[in-house]
Amino acid sequence: VTARTFHAHALSQLRYFWPLRHDGEPLPELLDSKAPIIGRIARQLPGHYRFTPTKDLADEIEWAKTRRILPGEYEQQAGERQPPIPSDLFVQLYRNYEREKTRQHRIDFDDLLLQTVDLLEGDEEAAETVRARKRWFSVDEYQDTNPLQQRLLELWLGDRRDLCVVGDEDQTIYSFTGASSAFLTT
3 VTARTFHAHA LSQLRYFWPL RHDGEPLPEL LDSKAPIIGR IARQLPGHYR
53 FTPTKDLADE IEWAKTRRIL PGEYEQQAGE RQPPIPSDLF VQLYRNYERE
103 KTRQHRIDFD DLLLQTVDLL EGDEEAAETV RARKRWFSVD EYQDTNPLQQ
153 RLLELWLGDR RDLCVVGDED QTIYSFTGAS SAFLTT
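If you read the sequence shown in our numbering, its first letter stands for residue 3, the second for the next number, and so on.
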């Protein structure tokens, strides 16, 4: 039995597969927080926008990433959503954040899930290896699962239905990042 968060489980898989899929290169270093990079970028925003709370900007990036929305797709795919700063400024900030992470050879917690989903969607051998090692899944606080976590869980399961979830749709507390109790009730 292994008990891990989505992020910890994804990290263990990336640590194993990354060097195998990237010519022996180690997994990029994990950022503890988006804040230092976003804060530096935000200070370059025009006018009063430079005083936008870093947490609000980080939350919006997380919201986009949990839906697999890239910076260049944000304005088209965010729909009626209002970012904490004008969309064009947010897209530039998001793009600069991603560039700076790449330059520093770092990834954030959202990237752990994104990279694992990309791996399992694009490499059937890796997906089968993961599925062979894990047979049953139990997810607590399932009402706080976001679309990216849900996709990752589906990839871990494959065509199996060996899943037990526990949650309360009235207890969703991470809706700001895209969590939805809809996964619990469908």
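For glycine and all other residues, C-beta sits at the position ideal for the given N, C-alpha and C. Predicted model only: the values in this text are computed from it and were never measured.
Query: Pair within 9 Å by beta-carbon distance, ILE40 and TYR99; Result: yes
Query: For ARG105, the three-state DSSP class (helix, strand or coil); Result: helix
Query: Cβ pair count under 8 Å reaching 3, the region 76-88 against the region 108-127; Result: no
Query: Whether ARG23 touches ASP125 by CB criterion (9 Å); Result: yes
Query: Extent of the continuous alpha helix (DSSP H) to which PHE139 belongs; Result: No alpha helix (DSSP H) holds PHE139; the beta strand (DSSP E) holding it covers 139-141.
Query: N-terminal and C-terminal residue of the alpha helix (DSSP H) that LEU157 is part of; Result: 149-159
Query: Completely contained alpha helix (DSSP H) runs for the region 18-84, where each covers 4 or more residues; Result: 37-44, 56-68, 76-79
Query: First and last residue of the uninterrupted beta strand (DSSP E) at VAL168; Result: Looking at the DSSP string, VAL168 is not in any beta strand (DSSP E), and its letter there is neither H nor E.
Query: Nearest neighbour of ALA5, chosen from ARG163, SER182, ASP142 [CA to CA]; Result: ASP142
Query: Burial state of TRP158 (16 or more Cβ within 10 Å); Result: buried
Query: contact_flag[the region 137-153, the region 19-34] where n(CB pairs < 8 Å) is 3 or more; Result: no
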